[in-house]
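Colleague: Can you keep this structure in mind? I'll have questions shortly.
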Amino acid sequence: MTATTQSEARPSSGTPPRPGRRAELSRWWNARSRPQQWGLLVPVAAIIYLLPVLNPPILTTEPATSFPIALFNAAVFALIAIGLNVVIGQAGLLDLGYVGFFAIGAYTAALLSSPDSELGVRFPWLVIVPIAMVVTMISGVILGTPTLRLRGDYLAIVTLGFGEIVRLLADNIDPLRGNRGFQDIARPGGTYSDGTPIFTQNDAQGFYWLAVTIVIIVLLFMGNLERSRVGRAWIAVREDEDAAELTGVPTYRFKIWAFAIGAAVGGLSGTLFAAQVGFVNNQRFDVTTSILYLAAVVLGGQGNKIGVVVGAFLVSYIPDRFQFEPEYRFLVFGLALIILMIFRPQGILGMRQHLLTYGRQAYQKLFGAGTGVAPTSLTPSSRPTGEPAEAVPDDRSGSRPQGGGE
Amino acid sequence: MFLDRFWANTINGLSYGSIYALVALGYTLVYGVLQLINFAHSEIFVIGVFGVYFTFLALGFQPGQTPNVPLAGIIANLVLAGAVGMILAGVAAVILERVAYRPLRKRNAPRLAFLITAIGASFVIQQVFRITRGSNPEGTIRLLPPEPLFRIFGAPVTNLQVIIILAALALFVVADTFVNRTRLGRGVRAVAQDPATATLMGVNRERVIMITFLLGGLLAGAAALFYLMTIPQGAVFNGGFLLGIKAFAAAVLGGIGNLRGALLGGLILGIAENYGQSLFGGDWRDVVAFVLLVGVLMFRPTGILGESLGKARV
Numbered sequence: 001m002t003a004t005t006q007s008e009a010r011p012s013s014g015t016p017p018r019p020g021r022r023a024e025l026s027r028w029w030n031a032r033s034r035p036q037q038w039g040l041l042v043p044v045a046a047i048i049y050l051l052p053v054l055n056p057p058i059l060t061t062e063p064a065t066s067f068p069i070a071l072f073n074a075a076v077f078a079l080i081a082i083g084l085n086v087v088i089g090q091a092g093l094l095d096l097g098y099v100g101f102f103a104i105g106a107y108t109a110a111l112l113s114s115p116d117s118e119l120g121v122r123f124p125w126l127v128i129v130p131i132a133m134v135v136t137m138i139s140g141v142i143l144g145t146p147t148l149r150l151r152g153d154y155l156a157i158v159t160l161g162f163g164e165i166v167r168l169l170a171d172n173i174d175p176l177r178g179n180r181g182f183q184d185i186a187r188p189g190g191t192y193s194d195g196t197p198i199f200t201q202n203d204a205q206g207f208y209w210l211a212v213t214i215v216i217i218v219l220l221f222m223g224n225l226e227r228s229r230v231g232r233a234w235i236a237v238r239e240d241e242d243a244a245e246l247t248g249v250p251t252y253r254f255k256i257w258a259f260a261i262g263a264a265v266g267g268l269s270g271t272l273f274a275a276q277v278g279f280v281n282n283q284r285f286d287v288t289t290s291i292l293y294l295a296a297v298v299l300g301g302q303g304n305k306i307g308v309v310v311g312a313f314l315v316s317y318i319p320d321r322f323q324f325e326p327e328y329r330f331l332v333f334g335l336a337l338i339i340l341m342i343f344r345p346q347g348i349l350g351m352r353q354h355l356l357t358y359g360r361q362a363y364q365k366l367f368g369a370g371t372g373v374a375p376t377s378l379t380p381s382s383r384p385t386g387e388p389a390e391a392v393p394d395d396r397s398g399s400r401p402q403g404g405g406e
Numbered sequence: 001m002f003l004d005r006f007w008a009n010t011i012n013g014l015s016y017g018s019i020y021a022l023v024a025l026g027y028t029l030v031y032g033v034l035q036l037i038n039f040a041h042s043e044i045f046v047i048g049v050f051g052v053y054f055t056f057l058a059l060g061f062q063p064g065q066t067p068n069v070p071l072a073g074i075i076a077n078l079v080l081a082g083a084v085g086m087i088l089a090g091v092a093a094v095i096l097e098r099v100a101y102r103p104l105r106k107r108n109a110p111r112l113a114f115l116i117t118a119i120g121a122s123f124v125i126q127q128v129f130r131i132t133r134g135s136n137p138e139g140t141i142r143l144l145p146p147e148p149l150f151r152i153f154g155a156p157v158t159n160l161q162v163i164i165i166l167a168a169l170a171l172f173v174v175a176d177t178f179v180n181r182t183r184l185g186r187g188v189r190a191v192a193q194d195p196a197t198a199t200l201m202g203v204n205r206e207r208v209i210m211i212t213f214l215l216g217g218l219l220a221g222a223a224a225l226f227y228l229m230t231i232p233q234g235a236v237f238n239g240g241f242l243l244g245i246k247a248f249a250a251a252v253l254g255g256i257g258n259l260r261g262a263l264l265g266g267l268i269l270g271i272a273e274n275y276g277q278s279l280f281g282g283d284w285r286d287v288v289a290f291v292l293l294v295g296v297l298m299f300r301p302t303g304i305l306g307e308s309l310g311k312a313r314v
């Protein structure tokens, strides 16, 4: 099967035969200095902020769905995707229970601020956010500690179980109020100059701005994290866990970190969502929602934080815009997952960082500019589909009767 | 309360556990050969459930009424429905493998891609049922009402439980014999142990994979019949989800890739779940399975009997 598969695989791997406009664009972009990049990004950000005010005729989802609400939902979805991307895209851990963290964030907000809560406290939203993030982070560590020692594919099923347990707990524990839910969850304060509040349930404009701001802050944070020692460790774990461990990366600890940070972002998005809707019950946190998150990350491109934002926008916005029945949304994105994995496993925008994070710069220093294609072919992960065909798709089958991952 | 119902729970658990075990065999076989968690296996099971249900309808049984047919006729109908369910599920599993997994194998896709495809496939099948049949369960068709046959330690044993446990054991023996005693089964074990060498020795890997999926699908179809006999209101689009996770947990519990482990794991899980329900209340029944899964993975990641289909008796 060697010769045929390789020739079949080549065109599908995308980058090698046609370096293409995207690679050129990305090289051009990387050649800009930081201030130049900022200068170009600020107008883009301004347009994104102004979207609900402009309400452009083709983009708008009205009259069916309020455009600011659709945008807000897309922004929350983007935040979730960014958080999940840390776990799936950066560290390569398949987490199918991510909705559990979202739920924990939303429930923390509800418990700490709703009058229905038995705790009897009404914290303001800004106080809730850090608490919720810490709570979800701890829950991520609790989930990760036993499971992250396991082989990767067990992780998928255990996290799936975790997501389901969180939902079952919300159903069954009486103080969590099951279907009745919590009303009047705290919103951020603040009024416009004429005294009307910025953050209300009916007009999501303020919430949209808040969500976009949070997304930008989290993106900057993640960008720095990716370029740090932590980010490099994650990539090493993703590319080859055994090799990473052998070269001295404490893989287990960094996997826990990925879980915890991803969980915290999930919790953050949960509080944001709870604040806007103002109501939380057990109906929104089923595992199918987790699969939509996964679809967003995979669609946009795992490991590319801009890509997953685009993916999340598409997954959230397209059903709102084109009004198809909510049932079909799951069907369509399920199909999209299968088709993508076959034809474009790297998603709309592929991974940015590979094992040699700074390989491009190093290569250019060594051999001069204009050789941007070569370093990508140095990295093992940039040719996941074109690898010389072994009979075994599984990289570890040689040493299979091993116990944990370490 | 718990002690009073101890034996009843045990017997009930064995009957549920047999269903888990049959589904778990499908997970274990595919995992043994491909190292892939076939997430869509639970939906293969659902296809079997609907296959059985539609056969009931086609045979003239209507929801809600108890059929007035002699016992032999009922058994013949059950066997027929079971056969239809098995064939449908088996064929669906093979088609799934062709459509979703084989293209990835040809491209040597990374492991995560297989998992994501499996999830996507599971989703698609689920949603097709949801869209065509709605989100409410189908009407209840009960061919064989449970009747106590005899007692063990004072706990009644119903005819359903006897049928299910015995039939599941028989199917297991057939599957186990097939894998361990036949020529084709030797091929399956060879590919599980070392695909490259097996291919060099003349084993047709693609055919082995197809057989593995077919066998898993057939067993899931049989499980679907027993499931509908136990829970007649269970024909619903997402009916396979929880059962699938539990069956996978059972496979891991016994040692994934190990056929006897799947049987043992299924039975243990079924019993543990019933004990858990009796101790903590019905709402916590499903949590028991997950906690058990995590617990086993923590302390014995290779399961009770150890992994590997390839190592099972040379």
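Protein chains in written order, with our numbering: chain A, 1 to 406; chain B, 1 to 314. For glycine and all other residues, C-beta sits at the position ideal for the given N, C-alpha and C. Keep in mind it's a predicted model, so treat the numbers as computed, not measured.
With DSSP as the reference, please indicate the residues paired to PRO150/B in a beta bridge.
Modeller: The sequence shown places Phe at residue 150/B, not Pro. Looking at the DSSP assignment, PHE150/B forms a beta bridge with VAL157/B.
Colleague: As a quick exercise: from THR251/A, MET137/A and TYR252/A, pick the residue whose alpha carbon is nearest that of ALA423/A.
Modeller: There is simply no residue 423/A to check, as chain A begins at 1 and stops at 406 in what is shown.
Colleague: For THR61/A versus TYR317/A, is the C-beta distance shorter than 9 Å?
Modeller: Contact: yes.
Colleague: Could you have a look at PRO175/A and say whether DSSP puts it in helix, strand or coil?
Modeller: It is helical.
Colleague: Go ahead and label THR55/B buried or exposed: buried means 16 or more other beta carbons lie within 10 angstroms of its beta carbon, across all protein chains shown.
Modeller: Under this definition THR55/B is a buried residue.
Colleague: Please check if any C-beta of chain A sits within less than 9 Å of the C-beta of LEU29/B.
Modeller: Not an interface residue.
Colleague: Name the DSSP bridge partner or partners of THR191/A?
Modeller: DSSP, once it has assigned bridges, lists PRO197/A as partnering THR191/A.
Colleague: Could you check the C-alpha separation between GLY60/B and ALA274/A for me, to the nearest Å?
Modeller: If you take the alpha carbons of GLY60/B and ALA274/A, they lie about 50 Å apart.
Colleague: Go through its chain and collect everything with a Cβ distance to LEU268/A's Cβ below 6 Å, but skip five positions before and after it.
Modeller: Excluding residues within five positions, the ones whose Cβ falls inside 6 Å are MET133.
Colleague: Could you tell me which residues DSSP pairs with PHE182/A in its beta bridges?
Modeller: VAL280/A, per the DSSP bridge assignment.
Colleague: Given ARG5/B, which residues of its chain have a CB within under 6 Å of its CB, disregarding the five upstream and five downstream residues?
Modeller: Correct list, in chain order: SER278.
Colleague: If I'm right that VAL23/B touches GLY261/B with Cβ under 8 Å, what's the distance once you round it to whole angstroms?
Modeller: With a Cβ gap of about 14 Å, VAL23/B and GLY261/B do not count as contacting.
Colleague: What do you get for ASP286/B, buried or exposed, if any count of 16 or more other CB atoms within 10 angstroms of its CB means buried?
Modeller: Burial call: buried.
Colleague: Quick one: is TRP38/A buried, meaning 16 or more other Cβ sit within 10 Å of its Cβ, or exposed?
Modeller: By the neighbour-count rule (16 or more Cβ atoms within 10 Å), TRP38/A is not buried but exposed.
Colleague: Here's the rule: buried if 16 or more other CB atoms are within 10 angstroms of the residue's CB, otherwise exposed. What is PHE302/B?
Modeller: Looking at the sequence itself, residue 302/B is Thr, so the reference to Phe does not match. By the 10 Å Cβ count, THR302/B comes out buried.
Colleague: Helix, strand or coil for GLU138/B, going by three-state DSSP, please let me know.
Modeller: Coil at GLU138/B, not helix or strand.
Colleague: Within the 9 Å Cβ cut-off, does ASN172/A reach chain B?
Modeller: Output row for ASN172/A: interface = yes.
Colleague: Taking buried to mean at least 16 other C-beta atoms within 10 Å of its own C-beta, is SER33/A buried or exposed?
Modeller: Classification of SER33/A: exposed, given that the 10 Å Cβ count is below 16.
Colleague: Could you pull out every residue in the same chain whose Cβ sits closer than 7 Å to the Cβ of ALA156/A, ignoring the five residues on either side in sequence?
Modeller: Here the set comprises LEU94 and LEU96.
Colleague: Using three-state DSSP, classify VAL373/A as helix, strand or coil.
Modeller: Note that VAL373/A has pLDDT 47, beneath the 50 cutoff, so the model's placement of it is unreliable and no number is given.
Colleague: On a Cα-Cα basis, can you pick out the residue from TYR20/B, LEU218/B and ASN68/B that is closest to VAL84/B?
Modeller: Among TYR20/B, LEU218/B and ASN68/B, the Cα nearest to that of VAL84/B belongs to LEU218/B.
Colleague: Taking beta-carbon pairs under 7 Å, can you tell me which members of the region 92-126 of chain B lie near chain A?
Modeller: Under the 7 Å Cβ criterion, the region 92-126 of chain B contributes ALA100, PRO103, LEU104, ARG105, LYS106, ARG107, ASN108, ALA109, PRO110, ARG111, LEU112, ALA113, LEU115, ILE116, THR117, ILE119, GLY120, ALA121, PHE123 and VAL124.
Colleague: To the nearest angstrom, how far is the alpha carbon of ILE261/A from that of ALA100/B?
Modeller: Roughly 33 Å between the two C-alpha positions.
Colleague: State buried or exposed for ALA167/B, treating a residue as buried only when at least 16 other CB atoms are found within 10 Å of its CB.
Modeller: Buried.
Colleague: Is there contact between the region 86-102 of chain B and the region 205-222 of chain B, where contact requires at least three CB pairs shorter than 8 Å?
Modeller: Because the criterion of three Cβ pairs below 8 Å is met, the region 86-102 of chain B and the region 205-222 of chain B touch.
Colleague: What is the DSSP secondary structure of SER139/A, reduced to helix, strand or coil?
Modeller: If DSSP states are grouped into helix, strand and coil, SER139/A belongs with the helices.
Colleague: With a threshold of 9 Å between beta carbons, is ILE304/B in contact with chain A?
Modeller: No, no contact with chain A.
Colleague: Residues in the same chain with beta-carbon distance under 7 Å from GLU147/B, minus the five sequence neighbours each way, listed in chain order, please.
Modeller: Counting only Cβ-Cβ distances below 7 Å, and skipping sequence neighbours, we find THR158 and ASN159.
Colleague: Going straight from the alpha carbon of LEU29/B to that of THR271/A, what length do you get?
Modeller: Approximately 43 Å, taken between the alpha carbons.
Colleague: Three-state secondary structure (DSSP) at ARG186/B?
Modeller: Helix, per DSSP.
Colleague: Interface residues of chain A around VAL33/B at Cβ under 7 Å?
Modeller: Per Cβ cutoff of 7 Å: no residues; VAL33/B is ~11 Å from chain A at best.
Colleague: Given this structure, state the Cα-to-Cα distance separating GLY120/A from ILE128/A, to the nearest angstrom.
Modeller: Whole-angstrom Cα-Cα distance: 14 Å.
Colleague: Note down, in chain order, each residue of its chain lying with its Cβ closer than 6 Å to the Cβ of TYR293/A, except the 5 sequence neighbours on either side.
Modeller: Closer than 6 Å at the Cβ level, and outside the excluded window around TYR293/A, lie ILE80, LEU84 and TYR98.
Colleague: Using a C-beta to C-beta distance shorter than 8 Å, which residues of chain A count as neighbours of PHE248/B?
Modeller: Under the 8 Å cutoff, chain A gives ILE157.
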